[in-house]
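Heads up: the sequence shown begins at 1 in the UniProt record's numbering, then just goes up one per residue.
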Amino acid sequence: MPSTPTWPLVTASVMIAPAPMKISVKVPIPSASSGFHVACITHLPCWVTDAGAGRIRGECRRPPRADPLVAEFDGAGAFSRGGRAAAGGPRIVPTVLCLNMPLIALVLVLSSVVLHASWNAIVKSDDDRLVAGWATTAAGAVLGAALLAASGFPSSHALPFVALSGIVHSGYMIALTRAYDDGDLSLVYPIARGVAPVVATAGAAAVFRETLPPPAYAGIGLIALGVLLLGAPHGGSAAPPQGRALTWSLVTALTIASYTLIDRQGVRLTSPQSYIGVLFLIDALILSAYVGWQRGAAPWRLVPPGRWGMLALSGAFSLGAYLLVLAALAISRVGYIAALRETSVIIAAWVGWRHLGDRQGPRRLISSGIVAAGLVMLVASR
């Protein structure tokens, strides 16, 4: 097991008649191949609250007639195995969904949504979007290296997945910046983010034999309707449909779906922090070579001095958006987080309309809302 722990708040309810006691304690939860694990709670400082005795500060020692708390988490923060109870002893039922944790998860995931839409807006607003995409990735790689130093190198079993994901991620950034060269943020972002889960769901059904419930098909139908409305030419506008932008948006969606399926397997084999640290480094190296080949110069020489600060912020937003989602997943359900995450298409459409001067903004905002509704339905049904 990796030696570097994270420290979420864990609450264990020990059912002891006549009234339950609640023990709240900070417990190291290192990442491992099968998810997260809570080590034995024996001599950690904590608050012990008894319904009749009020609040007592003390040590969490082994509960009477019960084994130490040993619980396993899956990648979503849900428990796959509860505490072991001794014969005739109390049952220890751990949970991380306590007190205001749902509110914390809401704040984390909505912050992630804003960060993700923001770095896309920064890249779109740049004159050379390919170089802006490289700088965003490079800045994320610097921060990713710090993560790697803190969490350690990924396990050997995860390396093929993270290497392949890094290659696909670089293709994602290339396709995304090409789409932004020809299309508005309010067009490209909702299509890329909306089509990707549909492709990933279809891929999971084909590769992992996952089945889809009926509501999922309704969600896919809404997404298709929203994408059609986004791509259709507006009757009152003389602007031609942005065919190349649509094509590159769909290519971007394919890359998102591809790395989603790859990461789904790879991140289970090592800690998320080490996985994303190596991922950003590989992505930055590949993009550096590609930009140098395309522009005929070292990419860092192509960034105007006055843009470094904004593009470094874009990289921090990119990495931060991913880490905030991981943090939210550690304390809430996957479906809850993923559904909220899809509201980013509405925010991106609004930012493109109000701040980047995208044409047909109101119509695309409504279409993005239809896409978001379909995404929420698709995610919630799984």
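Think of the CB as a built atom: it goes at the ideal place given N, C-alpha and C, for glycine as much as any other residue.
The region 264-283 makes no contact with the region 221-230: fewer than 3 CB pairs, one atom from each, lie closer than 8 Å. For the pair residue 211 and residue 195, the Cα-to-Cα distance works out to about 19 Å.
The three-state secondary structure of residue 358, taken from DSSP, is coil. In this structure the region 160-179 does not touch the region 313-324; the number of beta carbon pairs closer than 8 Å is below three. Taking residue 315 as reference, the option from 131, 246, 229 with the minimal CA-CA separation is 131. Between residue 230 and residue 262, the gap from beta carbon to beta carbon reaches 7 Å or more. The DSSP-derived three-state label of residue 181 is helix. Beyond the five residues adjoining it in sequence on each side, residue 117 comes within less than 8 Å, by CB distance, of 189, 344, 347, 348, 351 in the same chain, given in chain order. The beta carbon of residue 318 is closer than 7 Å to those of 119, 136, 140 in its chain, skipping five residues each way along the sequence. By the neighbour-count criterion, in which 16 or more other beta carbons inside 10 Å mark a residue as buried, residue 309 falls on the exposed side. In this structure, 121 is the residue among 113, 121, 268, 245 with its C-alpha nearest to the C-alpha of residue 354. For residue 154, the number of other beta carbons within 10 angstroms of its own is at least 16, and it is reported as buried. Going by beta carbons, residue 181 and residue 129 fall inside the 7 Å limit.
Cβ neighbours of residue 366 within its own chain (closer than 8 Å, five residues either side excluded): 229. With fewer than 16 other Cβ atoms from the protein chains shown falling within 10 Å of its own Cβ, residue 103 counts as exposed. Residue 176 and residue 249 have their C-alpha atoms some 7 Å from each other. Closest in alpha carbon position to residue 110, among 156, 312, 328, 246, is 328. Excluding residues up to 5 positions away in sequence, 158, 161, 162, 165, 275 lie with their Cβ nearer than 7 Å to the Cβ of residue 266 in the same chain. In the DSSP annotation of this structure, the continuous segment of the alpha helix (DSSP H) that includes residue 147 starts and ends at 129-151.
The beta carbon of residue 123 is closer than 8 Å to those of 129, 132, 133, 136, 176, 177, 180, 314 in its chain, skipping five residues each way along the sequence.
In the DSSP assignment, residue 298 falls outside any alpha helix (DSSP H) and carries neither an H nor an E.
Residue 253 sits buried, since 16 or more C-beta atoms from the chains shown fall within 10 Å of its C-beta.
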